[in-house]
Each structure stands twice: as structure tokens, then as C-alpha cells.
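Student: Right, I'll just put the structure down here and ask away after.
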Amino acid sequence: MESRQLSDIRTQYLPLEQHDILELRLNPMLLASDLGASAFLIDQYRLWGGDGEDAGFNVLNADIEKLLGEQFSGFGSEPLFPPSGSGTPELYDELGGLFQTQKFMGMAIDLKTVLAEEFSWLDQPANLDLLFNMEREAEALRNLRRESGLGAWWQGRKALNKRRRILQGVIKQFKKRGVFKLLLASKHVKRLWSPALAEQIEGKILCQYLSGQIDVKKLQSRGLNGKTFTPAQIKQFENVIDDVKQEAGARQYESLLGILQDLSRFRLHLKYYRLAHRAFNRVRILRLENELTLSKEAGSLYNILTAHEQEDELDRIVHHAIIKADVRGSTTVTEELQNKSLNPASYFSLRFFSPINKLLPIYGANKVFIEGDAVILSFLEHDKSPQQWFAVARACGLAKAMLNIVHANNRHSEQMGLPKLELGIGLCYADNPPLYLYDEDKPIMISGAIGKADRLSSCTWKLRKLIQPGLFNVEVFALADGEQGRGEKGQSNIRYNVNGILLDNIGFEKLRKEIILKRVAAKINGETIVLHTGKYPDVTGRMHDVVIREGQVGLWRDDAPVPGHTSEERFYEVVTNRKLISQVCAPQP
Numbered sequence: 001m002e003s004r005q006l007s008d009i010r011t012q013y014l015p016l017e018q019h020d021i022l023e024l025r026l027n028p029m030l031l032a033s034d035l036g037a038s039a040f041l042i043d044q045y046r047l048w049g050g051d052g053e054d055a056g057f058n059v060l061n062a063d064i065e066k067l068l069g070e071q072f073s074g075f076g077s078e079p080l081f082p083p084s085g086s087g088t089p090e091l092y093d094e095l096g097g098l099f100q101t102q103k104f105m106g107m108a109i110d111l112k113t114v115l116a117e118e119f120s121w122l123d124q125p126a127n128l129d130l131l132f133n134m135e136r137e138a139e140a141l142r143n144l145r146r147e148s149g150l151g152a153w154w155q156g157r158k159a160l161n162k163r164r165r166i167l168q169g170v171i172k173q174f175k176k177r178g179v180f181k182l183l184l185a186s187k188h189v190k191r192l193w194s195p196a197l198a199e200q201i202e203g204k205i206l207c208q209y210l211s212g213q214i215d216v217k218k219l220q221s222r223g224l225n226g227k228t229f230t231p232a233q234i235k236q237f238e239n240v241i242d243d244v245k246q247e248a249g250a251r252q253y254e255s256l257l258g259i260l261q262d263l264s265r266f267r268l269h270l271k272y273y274r275l276a277h278r279a280f281n282r283v284r285i286l287r288l289e290n291e292l293t294l295s296k297e298a299g300s301l302y303n304i305l306t307a308h309e310q311e312d313e314l315d316r317i318v319h320h321a322i323i324k325a326d327v328r329g330s331t332t333v334t335e336e337l338q339n340k341s342l343n344p345a346s347y348f349s350l351r352f353f354s355p356i357n358k359l360l361p362i363y364g365a366n367k368v369f370i371e372g373d374a375v376i377l378s379f380l381e382h383d384k385s386p387q388q389w390f391a392v393a394r395a396c397g398l399a400k401a402m403l404n405i406v407h408a409n410n411r412h413s414e415q416m417g418l419p420k421l422e423l424g425i426g427l428c429y430a431d432n433p434p435l436y437l438y439d440e441d442k443p444i445m446i447s448g449a450i451g452k453a454d455r456l457s458s459c460t461w462k463l464r465k466l467i468q469p470g471l472f473n474v475e476v477f478a479l480a481d482g483e484q485g486r487g488e489k490g491q492s493n494i495r496y497n498v499n500g501i502l503l504d505n506i507g508f509e510k511l512r513k514e515i516i517l518k519r520v521a522a523k524i525n526g527e528t529i530v531l532h533t534g535k536y537p538d539v540t541g542r543m544h545d546v547v548i549r550e551g552q553v554g555l556w557r558d559d560a561p562v563p564g565h566t567s568e569e570r571f572y573e574v575v576t577n578r579k580l581i582s583q584v585c586a587p588q589p
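Position 463 of the sequence shown, counted from 1, bears residue number 463 in the numbering used here, the numbering being contiguous throughout.
In C-alpha cells form, the structure reads like this:
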């Protein structure tokens, strides 16, 4: 499994806190035609010792559930094969997977719109190791005596002896059923197995011989294709028989632990197998034209087409995000350049527009409108490319990169004695496609997000005078009732946005769907600041950090902010301070 770039992406977008993705995807049962076949069980688990549909697993599993359930009742565990109850079975089972699990787990109840599976502590092999690894527990007991004295050792010894008695009870039950040595022998058959041996004997028969259930005469008589075993092969088998006796004697606790873990793993894989088939059964492949038409009209048809078939299909735009950058100071810079007999067009082209143009394909941006004092860019999400639905995250990244370009340009301007440029960036998301008009062949985008982004990019002159530049570059105030400007053009807020990026609330919610955001409460200059951090991929797949500041909307009354005002209303700023970003995104020790 790829462990570099794809590993980061899996961690970011497939957290699966309750499920191990490898157990789900690499489940050997998904490749088996019969979950009770002897050859499959020997290769992947153990030969359970029965001849029925369940290969003897259900009896052994019920024994373990009873014996361990009585000793560890506090853990709680539902039986793998529950008693018959109410409920209707899953309606679809085209691949037969639910039928396969029925002999081990009972009827698969129809969960309707839910896709779920219940897991217990017995479904995790590591839990059995924690409880019954006697060698490790004995070593821990010796260390306990050295470190904590005789009293602690005595209590630990009582607990260890209790675990031994539990294992002895399991061994006794397995021997009573006549399967203990068979379970041990099946592991050796897997080690011995070869294509040549497969032509001579069935694995199940060889297990029976190695466990002492049949003698060598019966072994030879049950060979395949009339092939008998050579003296060298019989000698090899006798050595294995000695090993099985050792495992059933002096090493019985260690051997039993391996059996219990394989039984636990079989339970785990059964549940993941059923979960997978529940998912498979919720996808139906349509072939008939009338079914395709009805499903398409209902909006439930998902086309999975070849590259050739996609040539005739329109890749519809379904959502979009807009960046509006308000470029301030460009007129003054132009005048100063002309006074110095310099070409403003070359200056802005080389130091502002060309660097931005180079970034557009990296972040998947499209030009909507660019001129001296405004830049409008769009980020489109297409119906056929849901894996690229990172419009807001990439817009945040490009907006931050644009500010970096301005800062670099300002350092150069300072050296030349020119005025500095200033940006105010608004970023909006729309959960629908934009509309287009056409000027001859040139499309002209129409979107409500453009007007909203324009408002978010603005900066009120009153706040510019009031607020001093600092770590953050955006503030938002709600206009009190009766305040001048409230209601004009639908406005209820005023904004401070000087070299800042203001993200609308809908865009923030979309960002939370695109990537996993971690909420961080940081103390900065004595004030608690709420930040949201995450990672996103650009078009090339390279991962970038994004940090969002969650700010509280203040109140503006009588031409001034109201001190101490609290509000449930929030605004979201894309953080651009590199030092702060590196601190909050640094890996935790």
C-alpha cells in the first residue's frame, strides 16, 4: 500500500475512527467463493473441525462466547449468531454475500437507509493478546515484584492464575470436542502446502492425520489420483506430529492464544464482509433503456462511462466559489511610475498579474474579470469530478498566495520609493452553478457570489482609521438599528479588510465538508482565539496548510464599536501570518 503522498490523503479524508480501512478492503473473505471451504480456512484461519455448512465454527464460537462472557461479563458482547427475532431480511443479495454470512451470523436484517455493523471486544485479536499472553504477563509479574514489592506481586499472581484457569477451561472444552490438536495441525498444513502436495491429498485429511484422528494407513488410502506418500514425506509429517504434541502440551497456552486470535479475526472479517455486501447491495447496475431513463429522471443515476463515452457527455458545473480582490493604491502607484518615466503596464504585468496567472492552474482557478483595481476569479466544481471538489480550500490557498505576491511587490516598491499596494479579498461559495451570457463567443459569468464577494472585500474608511494593523487583518461589525448605512443595498455589517481574506459562512461550512478541520483555541496577546486548521491538495496533489480564524461579529453603534459586546454571529478570516500558521500546524510531539 502506498505510504507517502497517498498515506497523507487517506489520513485526511478517510479517518474511519471506528473501522480499520485495511481490514475492510483487504478482507480475504471478499475473494472467497465459500467461506466454509476447508482449503480457504486452512490458508487464512484454522480448520474449525466440523463438516456442516459452518465448518464447525459456530459451536467453537458459542463455546468461547459462553466461557469468556462469563469471566468478563463487564465487557459486554452480543452473540455473533443471535437468536431468531423480528425483522425482515435485506431485500437484495445479488452477489450472494449475505447468504454466505447467514450460516455464521444468522439472517441479515434489512437496515433500510443505514449502513452499519456492530463490533465487540471479541472481534479484535489484540484484545485476546492483552488478556492471555501468559509469557508477557509472567514477565510483567516479575517486574512488578521488583518494583512494587511482595503485596502487589501476590495480587498480580492471583489475577494471572485466574487467566490460566480460564485458558485451561477453554482447552478442556476444545479437547472434549476433539478439535484442539486439529486446530493446531491446520497451521502446519498451511506451512507444508505446495502444488505437488495438493495433487496428493486434501488439506482436511492431512490435518486429521497430523492431529492423530486417522492413522498413516488411512492417510495413504485417501490420497488423490492414486498417489501415495514417500517415506521422506511420512518422516516430515511425523516431525510435525511431534510439534503438534509439544504445542498441545508444554506450549498449550501460547498455542491456544493463536487459536483464539484466529477465531477473533474470523469474526472480525465476517462482520466486515457482511458490511461490504450491504454496501454492494445498495448499488444497482442498470442495463435496460427504460430503467436508465427512469433512474435518470429521478436523479438517482450515476454514470460510470469509459473515456470514449464521456466525449459526448457534458461535464456540468454543479458548484462554484468566487474570489474578489479589491486592489487599492494602483492609481497612485501608476502616477508615481509615470513621474519616474517608468512603464506602469510593464510594472504591474511583471510584478502582479503575471505571477498570479502562473498560480491559476495550480489552484484550478479561472479568470472572470481582471483590471487595474479588481481581480475576480472562479473555482468550478464539475459533476464528473467529485474527487476535485476543493473549490473553497483552493480559493483560500490562492488568495493567500496573491497576498504573498503583493507583500513581495511592496518590498520592491519600498526600495524604489513607490507607494504600496493593498488588497482586500472576499471569498464566497455558491451551492449551484453560475449562469453565463455570451458576448459573441466569450462567456460572461453571472453569479450572486460575485456581488457578495465584492462586499466582503471592501473596507469601511471609519474602521481603517480606528483599527491598527496587527496579527489579523479582518474585523466585522453589525450595524445597530438606526445606524447610518444600515439597510443600504441590503447591508447590515461594516468590515475592516486590509490585506485580509474574509470567507463567507456558507464557504466555511463547505470547507468543513471538503477537508477535516481541527478546532484549536489559542492564547494570543492574552486573548483566546479560535482557529480551525487543516490540509488540502492543490490540482497537482501537493498538500497545503490552511488556517481559519473564527471571529465574533462586533456591534457598531453611534459611530463606534460597542465595548464588551458578545454575539453568536461569527465571521471567518483566512489566516495569512506565516509564523502563526507554522505554529498551529506543527506536528504534535
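Even for Gly, the Cβ is constructed at its ideal location relative to N, Cα and C.
No experiment lies behind these values; they were computed from the predicted model shown.
(1) List the whole-angstrom C-beta distance separating ASP129 from LEU257, where the pair is believed to meet the contact cut-off of C-beta under 8 Å.
(2) Measure the alpha-carbon distance for THR197 versus SER186 and round it to whole angstroms.
(3) Could you tell me the alpha carbon to alpha carbon distance between ARG287 and ALA586, rounded to whole angstroms?
(4) Below 8 Å on the Cβ atoms is my guess for LEU427 versus LEU531; work out the distance and round it to an integer in Å.
(5) Starting from ASN497 and walking both ways along the beta strand (DSSP E), at which residues does that stretch end?
(6) What do you get for PHE75, buried or exposed, if any count of 16 or more other CB atoms within 10 angstroms of its CB means buried?
(7) Who are the near neighbours of LEU360 in its chain, counting only those whose CB is closer than 8 Å to its CB and skipping five residues on each side?
(8) Using only the alpha-carbon positions, how far apart do GLU139 and ARG157 sit?
(9) Mind checking whether ALA248 and LYS190 have CB atoms under 8 Å apart?
(10) What are the boundary residues of the beta strand (DSSP E) that includes ASP439?
(11) Let's see if you can read the secondary structure: which residues bound the alpha helix (DSSP H) around HIS188?
(12) Below 8 Å, can you find three or more Cβ-Cβ pairs linking the region 421 to 439 to the region 329 to 339?
(13) Compute the Euclidean distance between the alpha carbons of LYS462 and GLN491, then round it to the nearest angstrom.
(14) Following the continuous beta strand (DSSP E) through PHE571, name the residue where it begins and the one where it ends.
(15) Evaluate GLU381 with the Cβ neighbour count: other Cβ atoms within 10 Å of its Cβ, from every protein chain shown; 16 or more gives buried, anything less gives exposed.
(16) My parser needs the alpha helix (DSSP H) runs of 4 or more residues fully inside the region 19 to 92; what are they?
(17) Tell me whether CYS428 sits in a helix, a strand or coil according to DSSP, three-state version.
(18) Do you know offhand how far LEU47's Cα is from LYS513's?
(19) Which residues in the same chain have their Cβ closer than 6 Å to the Cβ of PHE390, if we skip the five residues on either side of it in sequence?
(20) Looking at LEU141 and TRP154, is the spacing between their C-beta atoms short of 8 Å?
(21) Does the beta-carbon of ALA449 have 16 or more other beta-carbons within 10 angstroms, so that it is buried, or is it exposed?
(22) Taking just the CA atoms, how far does THR228 sit from GLU23?
(23) Alpha carbon to alpha carbon, how far is ILE304 from ILE317?
(24) Taking GLN200 as the reference, give the member of ARG222, CYS207 and HIS188 with the closest Cα.
(25) State the DSSP-derived secondary structure class of SER341, mapped to helix, strand or coil.
(26) Does DSSP put ARG557 in a helix, in a strand, or in coil?
Tutor: Here's the rundown:
(1) 7 Å
(2) With the sequence shown as reference, residue 197 is identified as Leu, and Thr is not the correct amino acid for it. Going by the C-alpha atoms only, they are around 15 Å apart.
(3) 51 Å
(4) LEU427 to LEU531, Cβ: 17 Å. No contact.
(5) 493 to 497
(6) exposed
(7) ASN366, LYS367, LEU377 and LEU398
(8) 11 Å
(9) no
(10) 435 to 439
(11) 180 to 192
(12) yes
(13) 16 Å
(14) 570 to 574
(15) buried
(16) 21 to 25, 38 to 44 and 57 to 71
(17) strand
(18) 46 Å
(19) GLU514 and TYR536
(20) no
(21) buried
(22) 40 Å
(23) 17 Å
(24) ARG222
(25) coil
(26) strand
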